[in-house]
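Residue 585 in UniProt numbering sits at position 585 of the sequence shown, and the numbers go up by one each step.
Presented below is the structure to which this report refers.
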Amino acid sequence: MLSASDRRIDGKNRKRDDIQCLRGVAIIYVLLFHLFPSVFRKGFLGVDIFLVISGYLITMILSRNTPISLADTGTFFSKRIRRIFPAYYLMIFAVLVVGRIYLISYDQHLLAVDSGWSLAFLSNVHKYLQQKDYFAEAANYDFLLHAWSLAVEIQFYCVAPLFALIAHRLRLGKMLVATVAIGSFVVHVESTSELHFSSLPSRLWQFLAGSFAFEFHHRVNVLPAMACKMVAVIATFLLSPVILFIPNIEFLCRLTVTAAATLIIARISPSVNDFFISRTLLFIGDISYSLYLAHWPIIVFFRYMYHADQLLFKDCLVVAQLSVLLAYLSFKTIEKYFIRENLLKALLFISPIFFSSIILMKYPNAPLLILEQQTDRSSITTLLNNGSMSEIVKKTLFERNCFAFRYQDYRPKMVTSSMLQNARMANEYFMNYLPNHENNSLPDPLVDKYFKSKNIATWLSAYYKKSGDVSVAVFGNSYAHSAFSAIIAAIGERAKEIRLLSMPGCPPFIGSSYIEVPGVDCNPFLNASVELIEEMKPDIIFLIFRSLAPLSSPVIDLSKDDQLNNMQYTIDRISAVTKRIIIEYPLPIDIRR
Numbered sequence: 001m002l003s004a005s006d007r008r009i010d011g012k013n014r015k016r017d018d019i020q021c022l023r024g025v026a027i028i029y030v031l032l033f034h035l036f037p038s039v040f041r042k043g044f045l046g047v048d049i050f051l052v053i054s055g056y057l058i059t060m061i062l063s064r065n066t067p068i069s070l071a072d073t074g075t076f077f078s079k080r081i082r083r084i085f086p087a088y089y090l091m092i093f094a095v096l097v098v099g100r101i102y103l104i105s106y107d108q109h110l111l112a113v114d115s116g117w118s119l120a121f122l123s124n125v126h127k128y129l130q131q132k133d134y135f136a137e138a139a140n141y142d143f144l145l146h147a148w149s150l151a152v153e154i155q156f157y158c159v160a161p162l163f164a165l166i167a168h169r170l171r172l173g174k175m176l177v178a179t180v181a182i183g184s185f186v187v188h189v190e191s192t193s194e195l196h197f198s199s200l201p202s203r204l205w206q207f208l209a210g211s212f213a214f215e216f217h218h219r220v221n222v223l224p225a226m227a228c229k230m231v232a233v234i235a236t237f238l239l240s241p242v243i244l245f246i247p248n249i250e251f252l253c254r255l256t257v258t259a260a261a262t263l264i265i266a267r268i269s270p271s272v273n274d275f276f277i278s279r280t281l282l283f284i285g286d287i288s289y290s291l292y293l294a295h296w297p298i299i300v301f302f303r304y305m306y307h308a309d310q311l312l313f314k315d316c317l318v319v320a321q322l323s324v325l326l327a328y329l330s331f332k333t334i335e336k337y338f339i340r341e342n343l344l345k346a347l348l349f350i351s352p353i354f355f356s357s358i359i360l361m362k363y364p365n366a367p368l369l370i371l372e373q374q375t376d377r378s379s380i381t382t383l384l385n386n387g388s389m390s391e392i393v394k395k396t397l398f399e400r401n402c403f404a405f406r407y408q409d410y411r412p413k414m415v416t417s418s419m420l421q422n423a424r425m426a427n428e429y430f431m432n433y434l435p436n437h438e439n440n441s442l443p444d445p446l447v448d449k450y451f452k453s454k455n456i457a458t459w460l461s462a463y464y465k466k467s468g469d470v471s472v473a474v475f476g477n478s479y480a481h482s483a484f485s486a487i488i489a490a491i492g493e494r495a496k497e498i499r500l501l502s503m504p505g506c507p508p509f510i511g512s513s514y515i516e517v518p519g520v521d522c523n524p525f526l527n528a529s530v531e532l533i534e535e536m537k538p539d540i541i542f543l544i545f546r547s548l549a550p551l552s553s554p555v556i557d558l559s560k561d562d563q564l565n566n567m568q569y570t571i572d573r574i575s576a577v578t579k580r581i582i583i584e585y586p587l588p589i590d591i592r593r
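What follows is the structure, encoded as structure tokens:
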């Protein structure tokens, strides 16, 4: 993803406008995929086009002085640093600053970890070590997910001079490089999903395809003019928006796009290449690097603030316009300035941003902006020191972590009759204690073992088997029972078994009590449920419950708080036998309204 300054032909101070337009097409595809992933399913192939372009341009730069010397290598890296680093590190710093203001502490921690790997241009390695799938992460709040491609590109820059040295100094050097490209292609085909998607070994063949395009570009009369024109037209069609809507066959699409981009970059038919040049694509190609950096964090921040997996169309338009605006400003200021300046100025700009980013990562919980508000103690769950029982207390860390919700009260200011009617209908549908789970349930051998054999009431339990491979347990009070239908619908056939264990009024923590109704003993049910869960060993367990006293009462001393100890004890036991625990608990609101 290189700037206009890198686009030269045979050392002449002239741009390759066809490559510029191709870069514009690539970033448009990526932007469409990130904004509308369910529509433009193959938009991620825009990154594949970028990799081929990078391979071509880097080979062209390194081929200006052959054989390449140590001084040439230093000049090469100096240009890459001035070109890539300033805007990249500024993007990470900006994301960290905004994250410190708007993200809850847990998400700040995740962002800090991702930022550390991204600062080192190793985010693709991080994703591989975590075995995270790119397409799954694209639906999450991963603000620096797109940094993987920059990491792969920088890693290629580190080995590119070596490939240039081999190609120019060894008698069979070019054949050796071709062998490496074939090996990389095999790795791409045979490796696991994350390794083949974002690692340098599995992407090297696409960079080297760009290198071969450079070699092919300088060979004349390889094919008849008419044949070259036909091949170029076919390649252009294969890179048209039609490719975005092809379902599945990801590997074939990637191979096709890489081959087509290689042929177009090789410029086998100048007339065909020049025919598709447009001012709009030239402009977008100019800002494509900054646009790539800016667009994804903006998309994720919008989704984060709206608590949405997918933005509305009008929000997508706002995101696109804001991304283009920021990209244009970055291109006109940062990119164009540093590519003309020396390395020292670039380093002086990068260094404070780099170390400031590290500070933000190191202390993610320290408040960047002090936002304090006086509030009535009775309206919140508050951590109080011994003896500090005044009616007016400051906001706590727990409440600061609810920043996104604290100033957004979703309750209507005026309640109409239609609202009440809708609420009654929803209450009858979702809050019915007996929505036929038990009537449709299969016999449960574990319930027989841990409940019926010990004469313990099963209360609201259910058991279903599906055709998938994931085991799920839902544990809680009546809220868990009410949510069970939604969990079944959400998980669907991916589940192997789904089990419900719920008792009205009893939070799912051993030792908890239902003090609102005297005489109800939760512990036999809770102990039996946890023992059952320990034998079941579910992949996912949902703990779902509503706020009940004493859970909603102020905490006086954490070290002596029975409820905290009950929670910790139960979660410790459950976490030893499950892969993921999901806790659903109502957020605090201002009860004075």
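C-beta: ideal position from N, C-alpha, C; glycine also.
Here the alpha carbon of I264 sits roughly 31 Å from the alpha carbon of V319. Apart from sequence neighbours up to five positions away, no residue of its chain approaches I359 with a beta-carbon distance below 8 Å. Note that the C-beta distance between F44 and F33 is below 8 Å.
The beta carbon of P538 is closer than 7 Å to those of S471, V472, A473, T578 in its chain, skipping five residues each way along the sequence. Straight through space, the alpha carbons of A181 and L208 are spaced by roughly 6 Å. Here E190 is exposed. Its C-beta has fewer than 16 other C-beta atoms within 10 Å. For the 8 Å CB-CB criterion, G210 and Y56 form a contact. In the three-state DSSP reduction, K465 falls in the strand class (E or B). Between F143 and L111, the alpha-carbon positions lie close to 7 Å from each other. Boundaries of the alpha helix (DSSP H) harbouring R169: 147 to 169, taken from the DSSP string. The beta carbon of R580 sits closer than 8 Å to those of D539, I540, I541, all from its chain and outside the five residues before and after it, given in chain order. In the structure shown, the three-state DSSP call for R494 is helix.
Around the beta-carbon of S575, fewer than 16 other beta-carbon atoms lie within 10 Å, marking it exposed. Going by beta carbons, Y128 and S240 fall outside the 8 Å limit. Three or more beta-carbon pairs separated by less than 8 Å are not found between the stretch 555 to 562 and the stretch 489 to 509, which leaves the two stretches without contact.
Between the stretch 450 to 457 and the stretch 478 to 498 there are fewer than three inter-stretch CB-CB distances shorter than 8 Å, so the stretches are not counted as touching. Taking C-beta separations shorter than 6 Å and ignoring five residues to either side along the sequence, the partners of H217 in its chain run A266, R267, following chain order. Within the same chain, Cβ atoms closer than 6 Å to the Cβ of G173 are found at I166, A167, the five residues on either side in sequence being excluded. Judged by DSSP in its simplified three-state form, V474 adopts strand. Cα atoms of S356 and F349: separation of roughly 12 Å, rounded to the nearest angstrom.
Taken in chain order, the whole alpha helix (DSSP H) runs of length 4 or more contained in the stretch 186 to 254 are 193 to 198, 200 to 217, 225 to 238. For the pair S290 and A26, the CB atoms are not nearer than the 8 Å cut-off. In the structure shown, I287 adopts coil according to DSSP, grouped into three states. The C-beta of C228 has 16 or more other C-beta atoms within 10 Å across all chains shown, which makes the residue buried. Apart from sequence neighbours up to five positions away, the residues of its chain that approach M536 with a beta-carbon distance below 7 Å are L446, S471, A473, R499, ordered along the chain.
Here P443 is exposed. Its C-beta has fewer than 16 other C-beta atoms within 10 Å.
The beta carbon of Q20 lies closer than 6 Å to those of L282, G285 in the same chain, with the five residues before and after it left out. For E584, the enclosing beta strand (DSSP E) begins and ends at 580 to 584.
With contacts defined as CB atoms closer than 8 Å, D48 and Q206 qualify as a contacting pair. Take the alpha-carbon of C522 and the one of I556: they are about 24 Å apart. Rounded to the nearest whole angstrom, the CA to CA distance from E153 to H109 is 26 Å. For A480, same chain residues with a beta-carbon under 6 Å away, outside a window of 5 residues either side, are V474, S502, I544 in chain order. Assignment of beta-bridge partners to L96 by DSSP yields no partner. The straight-line gap separating the alpha-carbon atoms of M91 and P297 is approximately 9 Å.
Using a Cβ distance threshold of 8 Å, D114 and Y141 do not count as a contacting pair. Ranked by how close their Cα comes to the Cα of A151, the residues R23, Y89, L252, Y363 have Y89 in first place.
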